[in-house]
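Working notes for the structure below.
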Amino acid sequence: PSTSSSPNTITEVTAVSSNEGASVPAIVDVDKLKKVINSVLVSQFATFASLPKEAIPDLANQLYSVHLINSAVRDNPSVEKFIGEFKASLNFMTEMSEIEKEDEEYQNHEQNRRISDSHDCHMISY
Numbered sequence: 388p389s390t391s392s393s394p395n396t397i398t399e400v401t402a403v404s405s406n407e408g409a410s411v412p413a414i415v416d417v418d419k420l421k422k423v424i425n426s427v428l429v430s431q432f433a434t435f436a437s438l439p440k441e442a443i444p445d446l447a448n449q450l451y452s453v454h455l456i457n458s459a460v461r462d463n464p465s466v467e468k469f470i471g472e473f474k475a476s477l478n479f480m481t482e483m484s485e486i487e488k489e490d491e492e493y494q495n496h497e498q499n500r501r502i503s504d505s506h507d508c509h510m511i512s513y
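Heads up: the sequence shown begins at 388 in this note's numbering, then just goes up one per residue.
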């Protein structure tokens with residue numbers, strides 16, 4: 388599925404509508420999603436923290452295999468580190484989408500400037 392993003396929203400182009408199965412864009416507010424995820428993590432912390440210590444390394448391997456934590460957290464795992472790494476990843480993704488948007492705006496500006504400069508050169512040569 389292809390996506391487009393801005394700092395605060397992500398549009399999933401191939402989302403499926405529940406009414407007739409037709410494709411419709413679904414817009415997700417990233418900031419709102421981060422708040423919901425944070426709320427769930429906080430409210431479920433006791434559940435995560437009550438995991439048997441023997442289960443933590445296996446969970447770390449599973450989280451690492453789907454790229455939710457890095458190797459440092461996998462090698463020295465704890466529930467607190469899992470949650471911290473996940474939150475850091477969410478913040479990083481938001482920052483990257485902001486950087487990508489700024490880069491896209493810069494590239495568009497440069498392209499328009501080159502077109503304008505090219506047009507000016509053609510005007511001068513006549």
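Where a beta carbon is used, it is the ideal one built from N, C-alpha and C, also for glycine.
Check whether residue i and residue j have beta carbons under 8 angstroms apart
| i | j | result |
| --- | --- | --- |
| E472 | N457 | yes |
| V460 | F435 | no |
| I443 | P464 | yes |
| N419 | L477 | A small correction: the amino acid at residue 419 is Lys; Asn does not occupy that position in the sequence shown. Not in contact: K419 and L477 (Cβ atoms no closer than 8 angstroms). |
| N425 | K488 | no |
Sequence-distant residues of its chain with Cβ nearer than 6 angstroms to residue i (five each side left out)
| i | result |
| --- | --- |
| S392 | Unreliable placement is indicated for S392, whose pLDDT of 47 sits below 50; no coordinate value is reported for it. |
| P439 | none |
| F428 | A small fix is needed here, since residue 428 is Leu in this sequence, not Phe. Correct list, in chain order: I470. |
| Q498 | none |
Same chain, Cβ closer than 7 angstroms to residue i, neighbours up to 5 away in sequence not counted
| i | result |
| --- | --- |
| Y493 | none |
As assigned by DSSP and simplified to three states, the class of residue i
| i | result |
| --- | --- |
| Q498 | helix |
| V466 | helix |
| L428 | helix |
| N478 | helix |
| N457 | coil |
| L438 | coil |
| E485 | helix |
| K422 | helix |
Own chain, CB closer than 8 angstroms to residue i, minus 5 neighbours either side, in chain order
| i | result |
| --- | --- |
| F432 | V466 and I470 |
| L446 | L438, P464 and F469 |
| I502 | none |
Residue i: CB within 7 angstroms of a non-hydrogen atom of the ligand SAH
| i | result |
| --- | --- |
| L420 | With respect to the ligand SAH, the structure shown offers nothing to examine, as it has no ligands at all. |
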